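For the sequence shown, counting from 1, position 28 maps to 28 in full-length UniProt numbering; every step adds exactly one.
Notes follow once the structure below has been shown.
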Amino acid sequence: MLIDLHRHLEGSLRVATTLELAHRDGHPLASAADPEDLLVARGPLGGLLPFLAKVDAAPSAFPRLEDWVRAARECVEDAAADGLDHLEIRFSPWFIRQETGLAPEAVIDAVADGARSAAEKAGLPVVLIGILLRDLGPSLGYAQADTLLSRRDLLGGIDIAGNEAGVPAAEFAGPFARARDAGLHVTVHAGEAAGPQSVWDAVRHLGAERIGHGVRAAEDPRLLEHLAEHRITLEVCLTSNVHTSAVTGYADHPVRRLLAAGVPVALCTDDPRTSGITLSGEYADAAARAGLTPADLDRIRADAQQAIFA
Ligand code: ADE
Ligand code: ZN
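Below, the structure is given as structure tokens:
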């Protein structure tokens with residue numbers, strides 16, 4: 001079983017498609033000296049924000065709704081080609097509006113269209129997760145959540161992403177409570193660019209069932225116990241963590257400590273285009289570079305299956 005629970009659409013936009021659309025419209029990427037360098041991380045970048053700059057450089061080259069239908073279709077096709085059995089795609093409709101001017105509700109419809117048709121064709125189950133962008137601030141939390149709830153039937157879950165160190169999760173408690181009341185599952189980016197307190201906040205204030213990254217939970221034994229006891233799954237993205245410098249290298253990644261503490265772990269990609277990776281490649285690196293055993297990987301596959309947002 002190959003399951004990706006944490007894959008951003010914005011970080012999955014193919015370099016080739018991005019440049020094709022940039023040339024179509026005379027977008028600045030088309031005339032950049034090294035466009036690939038603007039879109040792809042080739043090694044550790046020293047922080048989350050320079051990594052997000054590469055994730056975020058692509059969406060403005062997708063200014064039409066039909067571009068988002070295509071983006072979602074290609075995201076599913078790439079996952080199917082890698083052999084995935086289940087895929088959860090997340091995206092921020094308000095970020096896409098900021099970059100393109102498109103109405104966020106229409107973006108959700110377009111992404112759902114492209115994902116559904118490709119998923120049917122490939123026989124690959126796909127769940128969509130709507131993201132609130134931390135950077136827009138708590139004052140827009142309800143408005144962002146209400147956009148997602150206007151398309152409740154197209155979504156399986158809600159997340160919050162962006163500059164973790166800049167905006168505390170607790171300030172989004174109200175919008176997340178509204179989303180939970182509407183039946184959306186909850187995952188939260190935490191413990192990536194901020195410490196264990198950020199993970200506690202995600203669990204206590206936002207009702208997180210899964211944590212995006214969560215690697216810094218390893219610094220707090222009580223938190224590890226809590227995550228294990230409540231079966232809160234960490235969506236661990238090895239190469240992304242290396243590229244954002246959340247960890248210093250594969251060999252130093254705390255994933256083995258998380259497993260030893262009994263915390264459920266799912267291996268995920270985060271932003272496959274930005275990191276230049278596939279999920280099958282991440283499983284291979286988990287063994288070859290992060291020291292995980294075949295038994296560890298079997299457990300991770302089972303943990304991922306248990307944590308699907310159905
Ligand atoms: N958006 C895309 N990738 C992200 C990451 N690794 N952390 C926070 N927000 C993101
Ligand atoms: Zn992410």
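Every residue, glycine too, gets a C-beta built ideally from N, C-alpha and C.
Fair warning: this is a prediction, and the values are worked out from it, not measured in the lab.
Between the beta-carbon of residue 240 and that of residue 82 there is about 16 angstroms, and that puts the pair past the 8 angstroms contact cut. A residue is listed when its beta-carbon falls short of 6 angstroms from at least one non-hydrogen atom of the ligand ZN; in chain order these are 6, 8, 161, 189, 212 and 270.
For secondary structure counted as the alpha helix (DSSP H) over 4 or more consecutive residues, the stretch 129-208 holds these complete runs in sequence order: 141-149, 173-181 and 196-206. Counting only unbroken stretches of 3 or more residues, the beta strand (DSSP E) elements lying wholly within the stretch 218-260 are 233-236, in sequence order. Scanning 3, 297 and 132 for the CA closest to the CA of residue 79 turns up 3. Going by beta carbons, residue 191 and residue 166 fall outside the 7 angstroms limit. The beta-carbon separation of residue 288 and residue 297, rounded to 11 angstroms, does not stay under the 8 angstroms limit for a contact. Beta-bridge partners of residue 86 (DSSP): 3. Using a Cβ distance threshold of 7 angstroms, residue 186 and residue 209 count as a contacting pair. Within the same chain, 172 and 175 come within 6 angstroms of residue 141 by CB-CB distance, once the 5 residues on both sides are set aside.
Residue 7 and residue 55 have their alpha carbons spaced roughly 12 angstroms apart. Under the 8 angstroms Cβ criterion, the stretch 38-47 counts as touching the stretch 267-274, having at least three qualifying pairs. Residues 94 and 132 of the same chain have their beta carbon placed closer than 6 angstroms to that of residue 144, with the five preceding and five following residues left out of the count. Under DSSP, residue 266 shares a beta bridge with 235. If you check the C-beta of residue 11 against the ligand ADE, you find a heavy atom less than 6 angstroms away. Exclusion of residue 198 from the 6 angstroms shell around the ligand ADE follows from its C-beta lying no nearer than that to any non-hydrogen atom of the ligand. Shortest Cα-Cα distance from residue 67 to any of 32, 20, 31 and 310 involves 20.
With contacts defined by Cβ atoms closer than 7 angstroms, residue 154 and residue 112 form a contacting pair.
Going by beta carbons, residue 163 and residue 201 fall outside the 7 angstroms limit. DSSP, reduced to helix, strand and coil, places residue 211 within a strand of the structure shown.
In this structure residue 63 touches residue 100 by the C-beta definition: roughly 5 angstroms separates them, less than 8 angstroms. By the CB criterion at 7 angstroms, residue 264 and residue 231 fall inside the cutoff. Linking residue 1 to residue 304 through their CA atoms gives a straight-line distance of about 9 angstroms.
A straight line joining the alpha-carbon of residue 247 with that of residue 108 spans about 33 angstroms. Put simply, of 262, 181, 184 and 221 the residue whose alpha carbon is nearest the alpha carbon of residue 199 is 221.
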